[in-house]
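*Asks:* What follows is a single structure, and I will ask about it in a moment.
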Amino acid sequence: MATFLSESEAKKQVIAAGKQLVDSGLIARTWGNVSCRISESHFVITPSGRDYLSLTESDIVKVAMDDLSYEGHIKPSGEKAVHAEIYLKKPTAMFVIHTHQEKASIVGTLDLQSMPVLTHKSYFGDQVICAQYGLPGTKKLRKAIGTAIESSTGQAVIMKSHGAVCFGKDNQEAFFVAKELEHLCQQFLEKTTRFLTPTDQEANRMGELIEKISQKKESDLMEADEPEINDRMLKEMENHIQSAYEACQVWVLNQGIFHDYSLLNQPLYPLLDDFAQIVGTKVKCLEKFDYADITRALNKASAVIVRGFGFICRGDNQGDLQAVEMILHKNIESQLYGEVLHSQSKINWLDRQLMRWVYLKKYSKQL
Numbered sequence: 357m358a359t360f361l362s363e364s365e366a367k368k369q370v371i372a373a374g375k376q377l378v379d380s381g382l383i384a385r386t387w388g389n390v391s392c393r394i395s396e397s398h399f400v401i402t403p404s405g406r407d408y409l410s411l412t413e414s415d416i417v418k419v420a421m422d423d424l425s426y427e428g429h430i431k432p433s434g435e436k437a438v439h440a441e442i443y444l445k446k447p448t449a450m451f452v453i454h455t456h457q458e459k460a461s462i463v464g465t466l467d468l469q470s471m472p473v474l475t476h477k478s479y480f481g482d483q484v485i486c487a488q489y490g491l492p493g494t495k496k497l498r499k500a501i502g503t504a505i506e507s508s509t510g511q512a513v514i515m516k517s518h519g520a521v522c523f524g525k526d527n528q529e530a531f532f533v534a535k536e537l538e539h540l541c542q543q544f545l546e547k548t549t550r551f552l553t554p555t556d557q558e559a560n561r562m563g564e565l566i567e568k569i570s571q572k573k574e575s576d577l578m579e580a581d582e583p584e585i586n587d588r589m590l591k592e593m594e595n596h597i598q599s600a601y602e603a604c605q606v607w608v609l610n611q612g613i614f615h616d617y618s619l620l621n622q623p624l625y626p627l628l629d630d631f632a633q634i635v636g637t638k639v640k641c642l643e644k645f646d647y648a649d650i651t652r653a654l655n656k657a658s659a660v661i662v663r664g665f666g667f668i669c670r671g672d673n674q675g676d677l678q679a680v681e682m683i684l685h686k687n688i689e690s691q692l693y694g695e696v697l698h699s700q701s702k703i704n705w706l707d708r709q710l711m712r713w714v715y716l717k718k719y720s721k722q723l
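Just so we're aligned, residue 357 is where the sequence shown starts under our numbering, counting upward by one.
In structure tokens, the structure reads:
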């Protein structure tokens, strides 16, 4: 017979796990969620839209597995149904962690039914199932996770265009599984891109780009003069943006992967749903550094690309800008790996629009 933690102790462990995840870099801000089973019928879970570092026991919500009802006025995580599905399908699972961790998220944008486990790990079996995509918080997503869990012999599932969900007998095991999954995904991406055939010119071109990005070398993808933008121009641009959007902050990302992607002279679309929510449904690429065009583009998204320069981002505060930077980086990597492997699972137009609308109208107001 299973032994359950008391509700108070379970809440303490959920809080501790959330802080540990933030410290590890597997999650940031309010992304992801953590829960602990406290009985055959209930679990406790992190609330929706709350900072993990400021949570107290009173913020953690008790939820019923069967109908997802909960106690109190604090709203539980929107992914409570995913956690309930795992507890119902896996009676030995006592702790569940859902993350938007980088490498697992990238694998989730590839057109894969599962990711082979290249090195034996007892927590994963011989493959990690990639659950079909569903909008966050929907019955479709819950059903997809349930199907994946039933097919899996391991303790982790990759969620297409979303992230990953891991579980264990306690918080430490669930955390270990999440960390190990990230290592497996990185290993898979590295080894798979090495197997490209030399006759595949497009794959070689993108493979060279990934290599240059990883080594932080100057890219020569386009034979065009890069814009000469000085500190004075950047300050004037910042003032122009801040006069249009009250109390906003501006970041410039023009090194490494951000600079190199701008040389491709193409927009960036969401391959991950946190991109659609937080960044926008499209990041436009501008041909030149024009204050008015940059400001207009930032009306529809949290970032804009200037060809040969990099990305310009705006947000209400530093936390917003850090989130935008992390999501852009993850989405660019996903784009490059997808092109290298000729394997990409995209979010459809309607889902992108819906997620952006819900985020702007509802979720962002909780942050």
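Glycine included, every Cβ here is placed at the ideal spot set by N, Cα and C.
1) On the three-pair Cβ rule with 8 Å, is the region 456–464 touching the region 389–405?
2) Could you give the distance in angstroms between the alpha-carbon of V635 and the alpha-carbon of A657?
3) Is G519 helix, strand or coil by DSSP?
4) Which partner residues of Y426 appear in the DSSP bridge assignment?
5) Under a Cβ-count criterion, where at least 16 other Cβ atoms within 10 Å of its own Cβ denotes burial, should E584 be classed as buried or exposed?
6) Report the partner residues of I688 according to the DSSP bridge assignment.
7) With DSSP as the reference, identify every bridge partner of P472, one or two as the case may be.
8) According to the Cβ coordinates, are I501 and E441 closer than 8 Å?
9) Going by DSSP, what residue range makes up the alpha helix (DSSP H) through R588?
10) Could you pull the start and end residues of the beta strand (DSSP E) that S461 belongs to?
11) For the structure I just gave you, are there three or more beta carbon pairs, one from the region 404–422 and one from the region 437–453, closer than 8 Å?
12) State the DSSP-derived secondary structure class of K477, mapped to helix, strand or coil.
13) Check each candidate in S599, A600, N687, D646 and name the one with the smallest Cα separation from V639.
14) Using DSSP's beta-bridge definition, name the partner residues of N389.
15) Count the CB pairs spanning the region 662–678 and the region 607–618 that are closer than 8 Å, and state whether there are at least three.
16) Smallest Cα separation from Q633: which of K591, N586, K717, S699?
17) Are S690 and I453 touching if we call contact CB-CB under 8 Å?
18) For F532, does the three-state DSSP call read helix, strand or coil?
19) So, do the region 444–451 and the region 429–436 have three or more beta carbon pairs nearer to each other than 8 Å?
20) Buried or exposed: which applies to M589, given that a residue is buried once 16 or more other Cβ atoms fall within 10 Å of its Cβ?
21) In three-state terms, what does DSSP make of Q678?
22) Can you list, in chain order, the residues of its chain with a C-beta nearer than 8 Å to that of S478? Leave out the 5 residues immediately preceding and following it.
*Replies:* If we stick to the structure as given:
1) Segments in contact, no.
2) Translated into positions along the sequence shown, residue 635 becomes position 279. Translated into positions along the sequence shown, residue 657 becomes position 301. When only Cα atoms are considered, V635 and A657 end up about 6 Å apart.
3) Taking the sequence shown and counting its residues from 1, one reaches residue 519 at position 163. Strand at G519.
4) The count along the sequence shown starts at 1 and reaches residue 426 at position 70. Y426 is bridged to V419.
5) Here the question's residue 584 lines up with position 228 in the sequence shown. E584 is exposed by the Cβ-count criterion.
6) In the sequence shown, counting from the first residue as 1, residue 688 sits at position 332. I688 pairs with nothing; no bridge assigned.
7) Counting from one through the sequence shown, the residue named residue 472 turns up at place 116. Q483, per the DSSP bridge assignment.
8) Along the sequence shown, one-based indexing puts residue 501 at 145. Along the sequence shown, one-based indexing puts residue 441 at 85. Contact: yes.
9) Against the sequence shown, residue 588 aligns to sequence position 232. From DSSP, the alpha helix (DSSP H) with R588 extends over 587–600.
10) Position 105 of the sequence shown, counted from the first residue, corresponds to residue 461. Note, S461: premise wrong, no beta strand (DSSP E); alpha helix (DSSP H) at 458–463.
11) yes
12) Walking along the sequence shown from the start, residue 477 turns up at place 121. Here K477 sits in strand by DSSP.
13) On the sequence shown, position 283 is the one that residue 639 refers to. The residue with the shortest Cα to Cα distance from V639 is N687.
14) Position 33 of the sequence shown, counted from the start, is the residue given in the question as residue 389. The partner list for N389 (beta bridge, DSSP) reads H454.
15) Yes, since at least three Cβ pairs between the region 662–678 and the region 607–618 fall closer than 8 Å, the two stretches touch.
16) Your numbering for residue 633 matches position 277 in the sequence shown. Among K591, N586, K717, S699, the Cα nearest to that of Q633 belongs to K717.
17) Position 334 of the sequence shown, counted from the start, is the residue given in the question as residue 690. Position 97 of the sequence shown, counted from the start, is the residue given in the question as residue 453. It is not a contact, given that the beta carbons lie outside the stated cut-off.
18) Residue 532 sits at position 176 when you count from the first residue of the sequence shown. F532: helix per DSSP, three-state reduction.
19) no
20) Here residue 589 corresponds to residue number 233 of the sequence shown, with the count starting at 1. Its Cβ having fewer than 16 others within 10 Å, M589 is exposed.
21) What you label residue 678 is simply residue 322 of the sequence shown in a count that begins at 1. Helix.
22) Locating residue 478 in the sequence shown gives position 122, where the first residue counts as 1. Nothing listed; no residue qualifies.
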